[in-house]
Amino acid sequence: NLKVEVLETNSKNNNLNSAMANQYIDSNFLSLFPIKDKDEFLSVESNIVNEVGFVLKPESFIKSIGGCGLKIILQGCYKKYLVMNLLLSLRGLDVICSSKKKDLSLISTKYFRRVLKAEQQKVNLNVTSIVNSNSINCVKTNITNNDLPLKLSVSVKDPMIPECLLNTLNFETVQSNNFNLGFDAFNDPTITNHDPMSPMLEVDLQKNVCITDKLRLLIIKHKVSHNFCNSLLQLLKSEGLDVPKDIRTLMKTPKLHDIVDISGGYYIHLGLRNMLLPILIKNNAQIYIKSHVLEIGINIDGLPVSKSSKSQIWPALISILNFKELKENVIPIGIFHGFQKPISIEEFLNPLIIDLLEVLDNGLTVNGLFFTVNISNVSCDSPAKAFLLNVKGHNAYFGCTLCIEEGTYLEHRMTYPGLDATLRTDESFRSKKDEDYHKGNSPLVCLPINIINTVVLDYMHNVCLGVVKKLVEFWVKGNKQFLKKFVNDYSALYGSQYISYNVHSLIHLPFYVLLHGPLDNFSCFRYENYLQEIKKSIKSIKYPLQEIFNRIVEKQKMYDTLPTQLHKIYPVLSNEIILSNPSPLFNINDKLFEKITLELTSTIINVLKEKDRYIMLTNNTLVMVQHIVEPKNEPLNLIVKQFISYSEFTNTPESSFKMGVYMVDTSKMSKLYRINLTDIKYKCFFIRLSDNLALISTLCHLET
Numbered sequence: 003n004l005k006v007e008v009l010e011t012n013s014k015n016n017n018l019n020s021a022m023a024n025q026y027i028d029s030n031f032l033s034l035f036p037i038k039d040k041d042e043f044l045s046v047e048s049n050i051v052n053e054v055g056f057v058l059k060p061e062s063f064i065k066s067i068g069g070c071g072l073k074i075i076l077q078g079c080y081k082k083y084l085v086m087n088l089l090l091s092l093r094g095l096d097v098i099c100s101s102k103k104k105d106l107s108l109i110s111t112k113y114f115r116r117v118l119k120a121e122q123q124k125v126n127l128n129v130t131s132i133v134n135s136n137s138i139n140c141v142k143t144n145i146t147n148n149d150l151p152l153k154l155s156v157s158v159k160d161p162m163i164p165e166c167l168l169n170t171l172n173f174e175t176v177q178s179n180n181f182n183l184g185f186d187a188f189n190d191p192t193i194t195n196h197d198p199m200s201p202m203l204e205v206d207l208q209k210n211v212c213i214t215d216k217l218r219l220l221i222i223k224h225k226v227s228h229n230f231c232n233s234l235l236q237l238l239k240s241e242g243l244d245v246p247k248d249i250r251t252l253m254k255t256p257k258l259h260d261i262v263d264i265s266g267g268y269y270i271h272l273g274l275r276n277m278l279l280p281i282l283i284k285n286n287a288q289i290y291i292k293s294h295v296l297e298i299g300i301n302i303d304g305l306p307v308s309k310s311s312k313s314q315i316w317p318a319l320i321s322i323l324n325f326k327e328l329k330e331n332v333i334p335i336g337i338f339h340g341f342q343k344p345i346s347i348e349e350f351l352n353p354l355i356i357d358l359l360e361v362l363d364n365g366l367t368v369n370g371l372f373f374t375v376n377i378s379n380v381s382c383d384s385p386a387k388a389f390l391l392n393v394k395g396h397n398a399y400f401g402c403t404l405c406i407e408e409g410t411y412l413e414h415r416m417t418y419p420g421l422d423a424t425l426r427t428d429e430s431f432r433s434k435k436d437e438d439y440h441k442g443n444s445p446l447v448c449l450p451i452n453i454i455n456t457v458v459l460d461y462m463h464n465v466c467l468g469v470v471k472k473l474v475e476f477w478v479k480g481n482k483q484f485l486k487k488f489v490n491d492y493s494a495l496y497g498s499q500y501i502s503y504n505v506h507s508l509i510h511l512p513f514y515v516l517l518h519g520p521l522d523n524f525s526c527f528r529y530e531n532y533l534q535e536i537k538k539s540i541k542s543i544k545y546p547l548q549e550i551f552n553r554i555v556e557k558q559k560m561y562d563t564l565p566t567q568l569h570k571i572y573p574v575l576s577n578e579i580i581l582s583n584p585s586p587l588f589n590i591n592d593k594l595f596e597k598i599t600l601e602l603t604s605t606i607i608n609v610l611k612e613k614d615r616y617i618m619l620t621n622n623t624l625v626m627v628q629h630i631v632e633p634k635n636e637p638l639n640l641i642v643k644q645f646i647s648y649s650e651f652t653n654t655p656e657s658s659f660k661m662g663v664y665m666v667d668t669s670k671m672s673k674l675y676r677i678n679l680t681d682i683k684y685k686c687f688f689i690r691l692s693d694n695l696a697l698i699s700t701l702c703h704l705e706t
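Residue numbers (the numbering used here): 3 to 706.
Below you can see the structure in the form of structure tokens.
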């Protein structure tokens, strides 16, 4: 064999003149290096044995490489993969050592402290493993400096530690660090935990949440980079924590992506049942949705991935409209990515339509209870709505989705000045009666819905962003006649050319309010907010579809593995009141509380604060809350007094009762009686006018 160690020794010898050495190297010799495989290696070895003077050529070649390390020489003579194999083989034969250990008497103070710290961590891990073992009965012991297992593995010998190093050590600190982790589990009062994170960890430990789930929650919440997370995991692992090495293992990032090529780009389908059912089960939907009917909203919209390219994504989103206890209820079902919008609306929406038809027919079973599904509305901005319906856009002559008003092209704008055009119907849409309006078939005709009533006008785009902007509160509070008058006067005030699609749509808003309730019930705000969440999850524009899919699946898996008690359970009781005297109103096992936080709007009722103790019940009676009671084996209830006498605050131009404003006599109250939390309708605002008179106004946005 080629004795590389001999060549290395010769390379250190400077007896050969460099000029003489270089004369042995020629082009034929250089073509032999770097050695790529076994045959080339045997060829060089044969030349060394059979050709006189050939050995001088490798010596000269190695000398020209420079350096004297074995690894550097091998890198010059062999291909990279062969170098790694050679180094591993030499290490196994003890030709080279994996690390060099110094004698304790020869190391510096700084290095000695580092070695000592490493040994401390080993002791910590050993003690912790003993403490956590169920087969060993541990007894508290007094730990002294003499008991420390200070045996360092930096040398084969155990030399005397220099006195100058011993003087620099604080063994009290070593004692505390060694045994704090292990014996803290026994609640030893002599040991103090100074970790500032300990209160939060104790809370989480009570909820049976492991360190990996805490990290996953933290990463999802703050959207930190993968490089930072990998560095953090390495740091935690070096401290002895049982965490993965890579964030992809921690977050359970999927390795495979079921991506489908469609016209104009790529599509990935997450599945309606797959995404919806775990959320309903985890959040006990059978408790909060008493009708057992899921009212869902649908949204489709485009989102640019970056400003520097035409890369864009089109998510298909749904939300549960009658599950208001669920704060984040926008759920992605499918995502399209391309450099233009989907060419074929049928190809894009077919997977969603199939899923919708399946759940509409078969329903969902949540914790043993059957739920039916109903499509309440489809809310999109004007371009997306025209794309979804496969009709002319909002700038076309027949661009209104609710009526057949013909537009007028005026000063480079399409205007719609009419007020009383004939309304479209579901039947006319399905039969494509208006040929100037339809472009082709819409996938929505496959769904058992009234398309005209279900595909709504979105006030976020039409009103807030399209017409009134900062004056929205002033303009939309009027009735239908006011809106018609506003549109009619708009041309005189601002010019006929500005009666655009958005302005024209104002006259149709009351139609959808009567069908779907308040404007926020069918607005796009929740979907637009979720689109920003999707955009923030994209770290690189090279594979946006895969990245979005990974983040969604990671969040879903984290959500599935967390215990149910992590989600806040309402109602929340605060500040227990201890009764000094018995009362016939309470049982001996009843608990009283000062404050209760109700679900949905997090409404607070506080019996000690006048502003927070007045409510309206479902039978429209006004009451004052005196006590919040938690019986032992019964649901929570309130003990209240009812206002017996109340009157109108004003009757012009309308009765104040219609506005939820009442004048009450505080001196005329009923006896105390109990009510259930389900009897609460509104929280009320209380204003005292005199000793016996007060004003009570219902707060509609705090409907419970």
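Heads up, the beta-carbon is just placed ideally off N, CA and C, and yes, glycines get one too.
Just so you know, these numbers come straight off a predicted model, no measurement behind them.
I'd like the list of long-range same chain contacts for residue i, defined as Cβ closer than 8 Å, with 5 residues on each side in sequence excluded.
i, result
"L449", "I355, L358, L359, L362 and I377"
"S657", "E650"
"S525", "S381, D460, Y461 and M462"
"N577", "F595, E596 and K597"
Let's test the definition: count the other Cβ atoms within 10 Å of the Cβ of residue i and tell me whether it reaches 16, buried, or not, exposed.
i, result
"V458", "buried"
"R690", "exposed"
"A318", "buried"
"V489", "buried"
"H510", "buried"
"I698", "buried"
"I550", "buried"
"C212", "exposed"
"K59", "buried"
"P637", "exposed"
Note down the Cα distance separating residue i from residue j, rounded to an integer number of angstroms.
i, j, result
"H396", "P385", "7 Å"
"T654", "G519", "26 Å"
"L351", "I300", "12 Å"
"I682", "K434", "48 Å"
"L412", "A398", "13 Å"
"I2", "E535", "Nothing in the structure corresponds to residue 2, since the chain is present only between 3 and 706."
"G409", "Q342", "28 Å"
"Y648", "N639", "25 Å"
"N369", "P246", "33 Å"
"N379", "R275", "19 Å"
"T214", "F31", "57 Å"
"N591", "R676", "16 Å"
"R528", "V332", "7 Å"
"F431", "I453", "8 Å"
"N232", "I540", "18 Å"
"K40", "L243", "45 Å"
"T255", "L587", "56 Å"
"G420", "E407", "7 Å"
"N498", "G336", "The question names Asn, but residue 498 in the sequence shown is Ser. If I take the Cα positions, the gap works out to 42 Å."
"M618", "L679", "12 Å"
"S110", "R116", "10 Å"
Leaving out five residues before and five after residue i in sequence, what residues of the same chain have Cβ atoms less than 6 Å from its Cβ?
i, result
"P306", "Q314"
"S444", "L391 and N392"
"L521", "Y461"
"K312", "F341"
With DSSP as the reference, please indicate the residues paired to residue i in a beta bridge.
i, result
"K593", "E632"
"M626", "Y616 and K643"
"Y268", "D263 and H339"
"L412", "R415"
"D667", "L695"
"V368", "L371"
"L323", "Looking at the DSSP assignment, L323 forms no beta bridge with any residue, so it has no partner."
"P306", "Q314"
"T599", "V574 and I606"
Give every residue of the same chain whose Cβ lies closer than 7 Å to the Cβ of residue i, excluding the five residues on either side of it in the sequence, and list them in chain order.
i, result
"K387", "T403 and V457"
"K643", "V625, M626, Q628, M671, S672 and L674"
"L425", "L404 and C405"
"K538", "K225"
"I646", "K670, M671 and S672"
- [ ] Could you say if the stretch 278–295 and the stretch 320–338 meet the contact criterion of at least three C-beta pairs nearer than 8 Å?
- [x] yes
Open item on the list: Can you confirm whether the stretch 287–303 touches the stretch 263–271 when touching is taken to mean that 3 or more C-beta pairs between the two stretches lie within less than 8 Å?
Closed with: no
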